[in-house]
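J.:
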């Protein structure tokens, strides 16, 4: 079973994404900010990270850059999932190394489809 780390500071959003992913048979771990996520990635490497951009302590852009800069995690798929939905935000997210960018609010099928596709490799 694949494990997805959901990094989201909003509890309702985190719970909604977690339920969606568990609903398709994935194991889900959670973190509330980028620093907590980095600690979890080092101790229990997930198969994918779904992250928000605007978070305390370390934002999603910085977290994505750090994941992609580390040779041990650079191939870890990263999905940015943010309310920052402008074209520039999407461009900047992909420039940081994100494998996909989903603007909130999103359709559940969009997130599920993106996650399944990236886990297939």
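Numbering (the UniProt record's numbering), first residue to last: 1 to 121. Don't be surprised by glycine CBs; every beta carbon is placed ideally from N, CA and C. Quick caveat: nothing in here was measured; it's all calculated off a predicted structure.
Ignore the nearest five residues each way along the sequence and tell me which others in residue 118's own chain have a CB closer than 8 Å to its CB.
T.: Around residue 118: 48, 77, 79, 99 and 100.
J.: Would residue 54 and residue 4 be called neighbours here (beta carbons separated by less than 9 Å)?
T.: The answer is no: Cβ separation not under 9 Å.
J.: Can you tell which of 116, 105 and 113 has the C-alpha that lies nearest to the C-alpha of residue 13?
T.: Nearest C-alpha to residue 13: 105.
J.: Buried or exposed: where does residue 70 fall if 16 or more other Cβ atoms within 10 Å of its Cβ makes it buried?
T.: It counts as exposed.
J.: Would you tell me roughly how many angstroms separate the C-alpha atoms of residue 74 and residue 67, rounded to the nearest one?
T.: Spanning the two alpha carbons is a distance of roughly 6 Å.
J.: Taking 9 Å as the threshold (C-beta atoms), are residue 35 and residue 58 in contact?
T.: Closer than 9 Å, so yes.
J.: Compare the C-alpha of residue 108 against each of 46, 41, 22 and 27 and name the closest.
T.: Comparing Cα positions, the closest option is 22.
J.: So, residue 18 versus residue 28, is the Cβ gap smaller than 9 Å?
T.: Result yes, Cβ atoms of residue 18 and residue 28 sit closer than 9 Å.
J.: Could you give the distance in angstroms between the alpha-carbon of residue 93 and the alpha-carbon of residue 114?
T.: The straight-line gap from Cα to Cα measures roughly 15 Å.
J.: Just confirm the distance between the C-beta atoms of residue 81 and residue 111, as a whole number of angstroms; I'd bet it's less than 8 Å.
T.: Indeed, because the Cβ distance is near 7 Å, the residues count as touching under 8 Å.
J.: Name the DSSP bridge partner or partners of residue 81?
T.: Residue 81 pairs with 102.
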